[in-house]
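In the working numbering, the protein residues as written are 88 to 375. In this text, a Cβ means the ideal position worked out from N, Cα and C, and glycines have one as well. The structure under discussion appears below in the form of structure tokens.
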Ligand code: AMP
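Here it is in structure tokens:
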């Protein structure tokens, strides 16, 4: 595995690979790798010839007072794990390599960026869309792998790639969880022992929401209230939001119908964790 730190080096390596007709797979990350990241890398390994993973803690997507400086980092360990997962090129640019000049151009995606994470973190998705657009421009034609764990981010990236005609197939990959249901996240390292024990309540609440919809609940307010009640019953949990939306538009249909996503953001101490699950409401049968 090669470790590269500049845009020029990465472009030159990938130009050579593509000239030899080899396909490229890209896995953007912020590092502190876990099995969720590695599942994306393994899928890229299985589906493309040259696997590029990036590690870049992107300042543009952090707001004032968020955890940019505290974000966990361990490049040596990350390099070993990425190598073992089959990554060929690990791109680890410094902030100066990624943003050599003050950033005057940003990419923002309307609608899908606005509710939920977009409302809680106002400049977050413009930061994400901008860095991902840069990575797509640097890496060129490729398949790019993103986790459903960050479901709204996946929707923003898909929309951005389509709207701007990037020659990139955006591939969504399932969320990898601990045995007790907690979605793997680099930010789980912030959890104190008792918070770690409490954290699976988020997935439990989302599953209960899905069960209620499958049992016939069609009122979004009732589903929202159920999620909130379960999460708020956990003393260490501080609910940020719990919602049910249409999985494509991110608007809430009432009554609930179609392909839905239940999403929640919850704080445990200094960790702010997000998670989501999907459920499809069967179309009503005609006649009878
Ligand atoms: P991050 O390093 O948190 O920016 O995540 C990099 C990529 O890994 C994103 O596409 C995430 O959605 C994905 N990812 C993070 N956690 C998980 C997980 N538990 N399961 C699957 N993918 C994940």
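Going by C-alpha to C-alpha distance, which of the options sits closest to residue i?
i: residue 278; options: 353, 195, 148, 118; result: 353
i: residue 323; options: 351, 301, 284, 349; result: 284
i: residue 161; options: 151, 254, 116; result: 116
i: residue 239; options: 362, 110, 108; result: 362
i: residue 367; options: 318, 98, 203, 302; result: 302
i: residue 132; options: 148, 146, 114, 364; result: 114
i: residue 340; options: 355, 300, 155, 351; result: 300
Confirm, please, whether the CB-CB distance from residue j to residue i is below 8 Å.
i: residue 241; j: residue 259; result: yes
i: residue 196; j: residue 139; result: no
i: residue 311; j: residue 330; result: yes
i: residue 143; j: residue 187; result: no
i: residue 218; j: residue 97; result: no
i: residue 245; j: residue 135; result: no
i: residue 227; j: residue 89; result: no
i: residue 233; j: residue 194; result: no
When you measure from the CB of residue i to every non-hydrogen atom of ligand 1, does any distance come out below 7 Å?
i: residue 123; result: yes
i: residue 260; result: yes
i: residue 366; result: no
i: residue 131; result: no
i: residue 115; result: yes
i: residue 239; result: no
i: residue 127; result: yes
i: residue 289; result: no
i: residue 271; result: yes
i: residue 332; result: no
From which residue to which residue does the beta strand (DSSP E) around residue i run?
i: residue 178; result: 176–178
i: residue 365; result: 358–368
i: residue 112; result: 111–116
According to DSSP, which residues form a beta bridge with residue i?
i: residue 281; result: DSSP lists no partner for residue 281.
i: residue 259; result: 233
i: residue 330; result: 350
i: residue 325; result: 354
i: residue 141; result: 115, 178
i: residue 89; result: 176
i: residue 345; result: 368
Residue i lies in the alpha helix (DSSP H); which residues open and close that run?
i: residue 132; result: 122–134
i: residue 98; result: 94–106
i: residue 162; result: 162–171
i: residue 192; result: Segment: none, residue 192 is in no alpha helix (DSSP H) and carries neither H nor E.
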